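Enquirer:
Residue numbers (the working numbering): 256 to 607.
In structure tokens, the structure reads:
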């Protein structure tokens with residue numbers, strides 16, 4: 256924390272280039288190493304090592320593609336604020352300098368997100384920047400794609416593991432801690448703008464990423480100035496007042512056909528599948544420091560949650576759970592107006 260974004264970007268790009276050289280060099284020598292392997296154990300270990308290298312290369316290629324989206328077609332430069340090529344990968348890329356921006360928005364993705372499939376999430380961050388900038392060209396914007404945690408995956412191994420399962424809060428708790436720390440870093444390095452109150456930080460969470468965002472906001476005041484939840488199964492609380500952000504600054508967008516967004520509205524007898532504590536055998540050994548409890552909380556789009564609600568189209572070619580960033584959509588325009596603070600221009604959702 257406290258390291259300026261330009262400095263972090265330069266250091267991370269240098270490290271990324273070093274990693275690229277290392278990975279490519281090892282991949283070049285791998286066939287020879289395999290040919291030399293005579294012991295079964297060595298051969299299998301080398302095969303596994305090769306798989307890991309190829310995965311790291313995929314992760315690295317995705318980061319490079321994301322960085323290439325910045326600095327062209329009227330967009331600001333991209334800043335590489337962090338990355339990790341191991342496992343399913345992590346990356347934090349900002350379009351625009353968050354240290355000098357008037358409006359910063361950080362987007363957290365959800366279930367099934369991996370670095371090697373994160374290119375579309377970079378596009379979402381770009382679309383948010385473009386739309387917010389078009390609507391308020393007099394402001395400086397920074398739009399961040401934040402994969403700074405390990406989202407739960409759809410594999411059977413992830414689902415049955417208490418530490419990684421989407422049916423627990425554990426991945427979200429870890430993500431919330433990382434997101435709160437990232438928010439602190441953004442606050443620490445931001446250069447004050449001339450107009451008091453001009454700078455705002457919006458945290459935007461999609462799907463399981465909204466749970467991460469909600470749990471981060473719940474920790475303490477100052478994590479965000481505004482919160483936007485889209486396609487949310489729940490944000491870990493039952494009422495907007497628990498999120499430590501003024502209720503007028505908490506916004507929810509839900510497609511009426513988005514099944515994930517309706518999870519928080521399931522009746523109690525169906526909700527048990529999302530509360531492992533209710534149906535686990537008493538003989539199951541739950542690991543220490545693993546939380547097994549109701550996961551998502553009340554539907555943030557429900558009237559009783561008491562957040563602001565904006566209009567979202569019911570469906571599109573991209574599907575009801577992914578349409579929130581469709582170009583020129585009402586949903587994307589609403590997200591941009593919220594980021595800019597122009598609440599009067601937000602198209603409200605129909606009242607229940």
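Ideal Cβ positions, reconstructed from N, Cα and C, are used throughout, including at glycine. Computed from a prediction, not measured in an experiment: that's the story for all the values here.
Report the CB separation of residue 550 from residue 391 in whole angstroms; it is logged as a contact under 8 Å.
Expert: Here residue 550 refers to the residue found at position 295 of the chain shown. Here residue 391 refers to the residue found at position 136 of the chain shown. About 37 Å separates the two Cβ atoms, so there is no contact after all.
Enquirer: DSSP three-state label for residue 563, please.
Expert: Working through the chain shown from its first residue, we reach residue 563 at position 308. Strand, per DSSP.
Enquirer: I'd like the span of the beta strand (DSSP E) that includes residue 253, first residue to last.
Expert: Absent from the structure is residue 253, since the part of the chain shown begins at 256 and ends at 607.
Enquirer: Do the CB positions of residue 323 and residue 349 come within less than 8 Å of each other?
Expert: Numbered from its first residue, the chain shown carries residue 323 at position 68. Numbered from its first residue, the chain shown carries residue 349 at position 94. Not in contact: residue 323 and residue 349 (Cβ atoms no closer than 8 Å).
Enquirer: Out of 412, 477, 485, 475, which one is the CA nearest neighbour of residue 466?
Expert: Here residue 466 refers to the residue found at position 211 of the chain shown. Ranking the options by Cα distance to residue 466, first place goes to 485.
Enquirer: Does any residue of chain C have a CB that is nearer than 8 Å to the CB of residue 551?
Expert: The structure shown has no chain C; it contains just one protein chain.
Enquirer: Which residues share a DSSP beta bridge with residue 453?
Expert: Translated into positions along the chain shown, residue 453 becomes position 198. According to DSSP, residue 453 bridges with nothing at all.
Enquirer: Look at the alpha carbon of residue 359 and the alpha carbon of residue 307, and state the distance between them as a whole number of angstroms.
Expert: In the chain shown, counting from the first residue as 1, residue 359 sits at position 104. In the chain shown, counting from the first residue as 1, residue 307 sits at position 52. Those two C-alpha atoms are separated by around 35 Å.
Enquirer: Would you mind sorting residue 408 into buried or exposed? The rule is 16 or more other CB atoms within 10 Å of its CB.
Expert: As a working mapping, residue 408 is identified with position 153 in the chain shown. Buried, because 16 or more other Cβ atoms sit within 10 Å of the Cβ of residue 408.
Enquirer: Rounded to a whole number of angstroms, what is the C-alpha to C-alpha distance between residue 571 and residue 588?
Expert: For the purposes of this step, residue 571 is identified with residue 316 of the chain shown, where counting begins at 1. For the purposes of this step, residue 588 is identified with residue 333 of the chain shown, where counting begins at 1. Near 16 Å, if we compare the C-alpha coordinates of residue 588 and residue 571.
Enquirer: Excluding the 5 residues preceding and the 5 following residue 347 in the sequence, name in chain order all residues of the same chain whose CB lies nearer than 8 Å to its CB.
Expert: Counting from one through the chain shown, the residue named residue 347 turns up at place 92. Hits under 8 Å: 335, 336, 337, 338, 399, 400, 401, 402, 403, 437.
Enquirer: Between residue 511 and the rest of its own chain, which residues show a CB-CB distance below 7 Å, the 5 nearest in sequence each way excluded?
Expert: Working through the chain shown from its first residue, we reach residue 511 at position 256. Same-chain partners within the cutoff: 569.
Enquirer: Could you check which residue in 496, 318, 453, 379 has the C-alpha nearest to that of residue 343?
Expert: Residue 343 sits at position 88 when you count from the first residue of the chain shown. Checked all of 496, 318, 453, 379; the closest Cα to residue 343 is 318.
Enquirer: Does DSSP classify residue 348 as helix, strand or coil?
Expert: Here residue 348 corresponds to residue number 93 of the chain shown, with the count starting at 1. Residue 348 falls in the strand class under three-state DSSP.
Enquirer: How many Å lie between residue 496 and residue 562 at the Cα?
Expert: As a position in the chain shown, residue 496 is number 241, starting the count at 1. As a position in the chain shown, residue 562 is number 307, starting the count at 1. If I take the Cα positions, the gap works out to 9 Å.
Enquirer: Just mark residue 262 as buried or exposed, buried being the case when its beta carbon has 16 or more other beta carbons within 10 Å.
Expert: Along the chain shown, one-based indexing puts residue 262 at 7. Residue 262 should be labelled exposed.
Enquirer: Cβ atoms of residue 594 and residue 387: under 8 Å apart, would you say?
Expert: Here residue 387 is taken as the residue at index 132 of the chain shown, counted from 1. Here residue 594 is taken as the residue at index 339 of the chain shown, counted from 1. For residue 387 and residue 594, yes; Cβs fall inside 8 Å.
Enquirer: Looking only at its own chain, which residues have a Cβ that is under 6 Å from the Cβ of residue 471, when we skip the five neighbours before and after it?
Expert: Translated into positions along the chain shown, residue 471 becomes position 216. Closer than 6 Å at the Cβ level, and outside the excluded window around residue 471, lie 431, 434, 435, 478.
Enquirer: Once you ignore the five residues that flank residue 259 on each side, which residues in its own chain have a CB closer than 7 Å to its CB?
Expert: For the purposes of this step, residue 259 is identified with residue 4 of the chain shown, where counting begins at 1. Closer than 7 Å at the Cβ level, and outside the excluded window around residue 259, lie 354, 444.
Enquirer: Am I right that residue 299 and residue 357 are in contact with their C-beta atoms under 8 Å? What's the rounded C-beta distance?
Expert: Translated into the one-based positions of the chain shown, residue 299 becomes position 44. Translated into the one-based positions of the chain shown, residue 357 becomes position 102. The Cβ separation is near 55 Å, so there is no contact.
Enquirer: Just checking my contact of residue 469 with residue 492 at CB under 8 Å: how many whole Å lie between their CB atoms?
Expert: The residue labelled residue 469 in the question sits at position 214 within the chain shown. The residue labelled residue 492 in the question sits at position 237 within the chain shown. Between residue 492 and residue 469 the Cβ distance is about 6 Å, and since that is below 8 Å, they are a contact.
Enquirer: Whole angstroms are fine: how far does the CA of residue 515 sit from the CA of residue 527?
Expert: Here residue 527 refers to the residue found at position 272 when the chain shown is read from its first residue. Here residue 515 refers to the residue found at position 260 when the chain shown is read from its first residue. Residue placement at residue 527 is poorly supported in this model, since its pLDDT is 47, which falls under 50; the coordinates are not used for a value here.
Enquirer: Among 501, 590, 505, 603, which one has its Cα closest to the Cα of residue 490?
Expert: For the purposes of this step, residue 490 is taken as the residue at position 235 of the chain shown. That would be 505, whose Cα lies nearest to the Cα of residue 490.
Enquirer: Measuring straight from C-alpha to C-alpha, what distance separates residue 302 and residue 309?
Expert: Residue 302 sits at position 47 when you count from the first residue of the chain shown. Residue 309 sits at position 54 when you count from the first residue of the chain shown. Roughly 11 Å between the two C-alpha positions.
Enquirer: I'd like to check one pair, residue 602 with residue 576: are the Cβ atoms closer than 8 Å?
Expert: Mapped onto the chain shown, residue 576 falls at position 321. Mapped onto the chain shown, residue 602 falls at position 347. Going by C-beta atoms, residue 576 is not nearer than 8 Å to residue 602.
Enquirer: Flag this pair as yes or no: are the beta carbons of residue 364 and residue 454 separated by less than 8 Å?
Expert: As a position in the chain shown, residue 364 is number 109, starting the count at 1. As a position in the chain shown, residue 454 is number 199, starting the count at 1. Their beta carbons are not under 8 Å apart, which means residue 364 does not touch residue 454 by this criterion.
Enquirer: Let me know the alpha helix (DSSP H) ranges lying completely inside the segment 280-336, each 4 residues or longer, listed in chain order.
Expert: The qualifying runs are 295-323.
Enquirer: Quick one: give me the first and last residue of the beta strand (DSSP E) that residue 373 is part of.
Expert: Along the chain shown, read from residue 1 onward, the residue named residue 373 stands at position 118. From DSSP, residue 373 is part of no beta strand (DSSP E); its letter is neither H nor E.
Enquirer: Measure the C-alpha to C-alpha separation of residue 393 and residue 270 and round it to an integer number of angstroms.
Expert: In the chain shown, counting from the first residue as 1, residue 393 sits at position 138. In the chain shown, counting from the first residue as 1, residue 270 sits at position 15. Cα-Cα distance, rounded: 35 Å.
Enquirer: For residue 428, count the other beta carbons within 10 Å of its own beta carbon; 16 or more makes it buried, fewer makes it exposed. Which is it?
Expert: The residue given as residue 428 occupies position 173 in the chain shown. It is buried - the Cβ of residue 428 has at least 16 other Cβ atoms within 10 Å.
Enquirer: State buried or exposed for residue 311, treating a residue as buried only when at least 16 other CB atoms are found within 10 Å of its CB.
Expert: The count along the chain shown starts at 1 and reaches residue 311 at position 56. Flag for residue 311 reads buried.
Enquirer: Classify residue 500: buried if its beta carbon has 16 or more other beta carbons within 10 angstroms, exposed otherwise.
Expert: The residue given as residue 500 occupies position 245 in the chain shown. Buried, since its Cβ has 16 or more Cβ neighbours within 10 Å.
Enquirer: Could you please give me the residues that DSSP links to residue 396 through a beta bridge?
Expert: The residue given as residue 396 occupies position 141 in the chain shown. Its beta-bridge partners are 358.
Enquirer: Can you tell me whether residue 592 is buried or exposed? The criterion is at least 16 other CB atoms within 10 Å of its CB, across all chains shown.
Expert: Taking the chain shown and counting its residues from 1, the one referred to as residue 592 is at position 337. Buried.
Enquirer: In whole angstroms, what is the alpha-carbon distance linking residue 415 and residue 424?
Expert: As a position in the chain shown, residue 415 is number 160, starting the count at 1. As a position in the chain shown, residue 424 is number 169, starting the count at 1. Their backbone Cα atoms lie some 13 Å apart in a straight line.
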